[in-house]
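Those protein sequences? They're chains A and B, same order as listed.
Under numbering that gives the first Met the number 0, read the first sequence as residues 0 to 274, first letter to last.
Under numbering that gives the first Met the number 0, read the second sequence as residues 0 to 160, first letter to last.
Ideal Cβ placement from N, Cα and C applies to all residues, glycine included.
Note that the structure is predicted; figures quoted are calculated from it, not measured.
Here's the structure we're looking at; comments come further down.
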Amino acid sequence: MLRRFTSSIIQSRGIKHQVNIKWVRPEYKPSYDPEKSGDLEGVPQISKSSLGQDYALSEEMKNASEAVQKLFSVAFLGQKEYHTLVRKELMDRVKRHQYDECTAETRIARLTGQIRYLQEYMEKYPRNNKMKKVVQEIIDKRKKLLKYLRQYDYKKFEWLLEKLNIEYKAHPDSYHKLSRKESLRKLTEMHCEDIRNKKLADYRNLLESQQGPFLKQKLEALKFIRSEQIELQIPISVTEQDIKKVEEQLEEWTIREGIKQEAKRKRRNLILNVD
Amino acid sequence: MARNVAESARKFLLLGQCVPTVKQNATKIRVKRLELDENLLMYFRKDTFYYCHDPEKKCKTGDIVLIKALPQKLTKLITHEVEEVVYPFGDITDPITGKKVMKERYREDVDKQAEIFGKLKSAFNYEAAPPRGWQDGKKDFTTKPTYTKFHVFDENDPYAI
C-alpha cells in the first residue's frame, strides 16, 4: 500500500536525465492566428462614414444631404458592405486593370481581405468552430495559390508578398502533434552539438597557440642548417625561399594572435564593466 | 543495381532540383530516378539526395541544376559540385522563341491584354522588378526547411511553425 502510494508520487522508473535541460512547451496558437497564417498587418483602416461600394458611384449621392449620406454609409449598411470595402481596398493594391477580378494576384488579395476580417471576428468569438474551419480553409487556399504563383512567376510572388504584407513559409516535412520525447531528443542533440563544437574550438585554440613557438624554432633551425651547410661547403638543402615562407607564416600567426588577444581583452573589459 | 547507379552517377552529369537545406557552403540537390521493380515489372520513382559544394550560392531553392561528382570527396557529406544552373525557378523562358513565359502564356501577351483594358499604376512591372531574392529572409522563408516549433527559445526562429 505504502509502496504504491510513494511510487505514484515519485517517479522512480523511466529515463534517467543526465543532461539538465528544461523544456518549455510552445504556447498553443489557434489555426486562424495571424502568426500562423502569416499576416503581418490587420484589417485596413476604413472609416465607418465611407459610402457603400455601389452608392459611392452615384452622382446624386455627392449632392445629397448629410443625413442621407449617413444612411448610406458603411456603419448603417452593415458588416457585409464593410467587408466588401475591405476586400476592395486590398484588391486595389495589386489590380492589373479596371476589370481585373480573377488573376492570381487579385484572387490572393481577395482571400487576404477575407482572412483579415475573419481573423478579427474570431478574436471576438473564438468558440465559433464552423467559422474557424472556414478561416482555416481560406488560409490553406491562399497558401496553395501563393505556392503556384511562386512556381511560375517568382518576381511577382515576391512583389505580392511586399504589397499585401504576407509572410510565406513552405510546408514542413510533416505536420504532427508535438511530443515531449521528440522535443527532448532534439534539445539533447543540440546540447551535444554545442559540447562537441566547444571542445573542437578549444582544441583548435590550443594547437594554434603552439604554432608560434614552433615556427620560431623552425626558423632558427633552418637558418642554422643553411649557415652550417654554406660554411662546410656541402650541397645546400635549405633554400632562401623555404626560410622566407616560414617567416611569412610566423608573421601571419602574430597578426592573428594579436587580433585574438585584443578580442579577449575586450570581452574581459565588458564583463568587468557589467559587474 | 544500386551499385550500377552509384557508379554511373560518378561518371556523368546529373540533372536535379535544389531543395531547402540548412548547410552552409553546400546545396542539397534532389535527383529523381525511376527504379524497376522486378517482381511487378513496373517503374517507381526514387529520389536520391546529393550535397553539392557551392560556396558562392549559385543556385537557389527550386532551381534545376546540373551537378558533377568531385574527384575527391570534400567532406563525408559533400560529394558533388554545381556545374550549371539550367532553369532558374519561377523565371521560365520559352526555348523556341526565347520569350519569358507565365504559365501557358507569354508575359508580353499578358501585358498587352492589360494595356488594352487600361493598365493601372498598381499593376506589376517586370522591368522595374528586382531579381529574385530581395524578400529572402524577410517575408519569403523558403531557403531552409521549416519544422514544427518544439521549444521556446530566446530568439524566435522564423522557420519554426
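- Closer than 8 Å to chain B by CB, residue 32 (chain A): At least 8 Å separates the CB of residue 32 (chain A) from every CB of chain B.
- Since residue 77 (chain B) sits in a beta bridge, which residues does DSSP pair it with? The secondary-structure analysis by DSSP pairs residue 77 (chain B) across a beta bridge with B:50.
- Flag this pair as yes or no: are the beta carbons of residue 145 (chain B) and residue 125 (chain A) separated by less than 8 Å? Result no, Cβ atoms of residue 145 (chain B) and residue 125 (chain A) do not sit closer than 8 Å.
- In this structure, what does DSSP give as the bridge partners for residue 43 (chain B)? According to DSSP, residue 43 (chain B) bridges with B:34.
- Query: For the alpha helix (DSSP H) that residue 228 (chain A) lies in, which residues bound it at each end?
  - Reply: First-last of the alpha helix (DSSP H) with residue 228 (chain A): 179-231.
- Message: For a contact defined as C-beta to C-beta under 9 Å, what are the partners of residue 218 (chain A) on chain B?
- Response: Contact note: residue 218 (chain A) does not reach chain B at a C-beta cutoff of 9 Å; the least C-beta distance is about 33 Å.
- Query: Using 8 Å as the Cβ pair cut-off and three pairs as the minimum, do the segment 87-98 of chain B and the segment 44-62 of chain B touch?
  - Reply: With a cut-off of 8 Å, the segment 44-62 of chain B and the segment 87-98 of chain B count as touching, because enough Cβ pairs lie within range.
- What residues are listed by DSSP as bridge partners for residue 105 (chain B)? Partner(s): B:100.
- Mapping DSSP to helix, strand and coil, what is residue 18 (chain B)? Residue 18 (chain B) carries a strand assignment under DSSP once its states are collapsed to helix, strand and coil.
- Message: Please report whether the beta-carbon of residue 114 (chain A) lies at a distance below 8 Å from any beta-carbon of chain B.
- Response: Taking 8 Å as the CB threshold, residue 114 (chain A) stays off the interface with chain B.
- Would residue 116 (chain A) pass as a contact of residue 93 (chain A) if the rule is Cβ separation under 8 Å? Contact check for residue 116 (chain A) against residue 93 (chain A) fails: the beta carbons are separated by 8 Å or more.
- Verify the CB distance criterion: does residue 48 (chain B) have a CB-CB separation below 8 Å to chain A? When Cβ-Cβ separations below 8 Å define contact, residue 48 (chain B) makes no contact with chain A.
- Query: Counting contacts by CB-CB distance shorter than 8 Å, is residue 139 (chain B) in contact with chain A?
  - Reply: Yes, contact with chain A.
- Message: Does residue 139 (chain B) come out as helix, strand or coil in the three-state DSSP assignment?
- Response: In the structure shown, residue 139 (chain B) sits in a strand (DSSP, three-state: E or B).
- Starting from the C-beta of residue 157 (chain B), find all residues in its chain whose C-beta is less than 7 Å away, skip the five residues before and the five after it, and write them out in chain order. Short of 7 Å from the beta carbon of residue 157 (chain B), and not among the five residues preceding or following it, lie these beta carbons of its own chain, in chain order: 140.
- Query: Among residues of its own chain, excluding the 5 on either side of residue 69 (chain B), which ones have a beta-carbon nearer than 8 Å to its beta-carbon?
  - Reply: For residue 69 (chain B), the CB contacts under 8 Å within the same chain, skipping 5 residues up- and downstream, are 52, 77, 78, 79, 80 in chain order.
- Does the segment 89-105 of chain A come close enough to the segment 117-131 of chain B that 3 or more CB-CB pairs lie under 8 Å? Judged by pairs of C-beta atoms under 8 Å, the segment 117-131 of chain B touches the segment 89-105 of chain A, as three or more such pairs exist.
- Task: Would you mind working out which of B:56, B:9, B:135, B:31 sits nearest residue 15 (chain B), comparing C-alpha positions?
- Result: Ranked by how close their Cα comes to the Cα of residue 15 (chain B), the residues B:56, B:9, B:135, B:31 have B:31 in first place.
- Name, in chain order, the residues that DSSP records as bridge partners for residue 7 (chain B). DSSP output for residue 7 (chain B) lists no bridge partner at all.
- Indicate the three-state DSSP secondary structure (helix, strand or coil) for residue 160 (chain A) in the structure shown. Three-state result, residue 160 (chain A): helix.
- Just the Cα atoms here: how many angstroms apart are residue 137 (chain B) and residue 92 (chain B)? Straight-line Cα distance between these residues: approximately 27 Å.
- Task: List the whole-angstrom C-beta distance separating residue 71 (chain A) from residue 51 (chain A), where the pair is believed to meet the contact cut-off of C-beta under 8 Å.
- Result: So it is a contact: roughly 6 Å between Cβ atoms.
- Task: Please name the residue or residues paired with residue 83 (chain B) in a DSSP beta bridge.
- Result: According to the DSSP secondary-structure assignment, residue 83 (chain B) is paired through a beta bridge with B:65.
- Member of A:160, A:214, A:132 whose CA lies at the smallest distance from the CA of residue 29 (chain A): Nearest Cα to residue 29 (chain A) within the set A:160, A:214, A:132: A:132.
- Please work out which residues of its chain come closer than 7 Å, Cβ to Cβ, to residue 214 (chain A), disregarding the five sequence neighbours upstream and downstream, and give them in chain order. 245, 248, 249, 252.
- What did DSSP end up calling residue 131 (chain B) once you bin it into helix, strand or coil? Judged by DSSP in its simplified three-state form, residue 131 (chain B) adopts coil rather than helix or strand.
- Using the Cα positions of residue 259 (chain A) and residue 142 (chain B), report the straight-line distance between them to the nearest angstrom. When rounded, the separation of the alpha-carbon atoms in residue 259 (chain A) and residue 142 (chain B) is 33 Å.
- Per DSSP, residue 92 (chain B) forms a beta bridge with which residues? Answer is B:99, bridged to residue 92 (chain B).
- Task: Put residue 122 (chain B) into one of helix, strand or coil per three-state DSSP.
- Result: DSSP places residue 122 (chain B) in coil when its eight states are reduced to three.
- Residues sharing a beta bridge with residue 168 (chain A), DSSP: Residue 168 (chain A) pairs with B:140.
- Grab the span of the alpha helix (DSSP H) containing residue 240 (chain A) for me, first residue to last. Element bounds for residue 240 (chain A): 239-273.
- Item | C-alpha distance - residue 189 (chain A) paired with residue 182 (chain A), whole-angstrom precision | C-alpha separation (whole angstroms): 11 Å.
- Item | In DSSP terms, what residue 159 (chain B) is bridged to | Bridge partners of residue 159 (chain B): B:146.
- Message: Using DSSP's beta-bridge definition, name the partner residues of residue 139 (chain A).
- Response: Among the bridge pairs identified by DSSP, residue 139 (chain A) is matched with none.
- Task: Please confirm if the segment 161-169 of chain A is in contact with the segment 21-37 of chain A, defined as three or more CB-CB distances below 8 Å between the two stretches.
- Result: The answer is yes - the segment 21-37 of chain A touches the segment 161-169 of chain A, with three or more Cβ pairs under 8 Å.
- Message: Helix, strand or coil, according to DSSP, for residue 72 (chain A) in the structure here?
- Response: Here residue 72 (chain A) sits in strand by DSSP.
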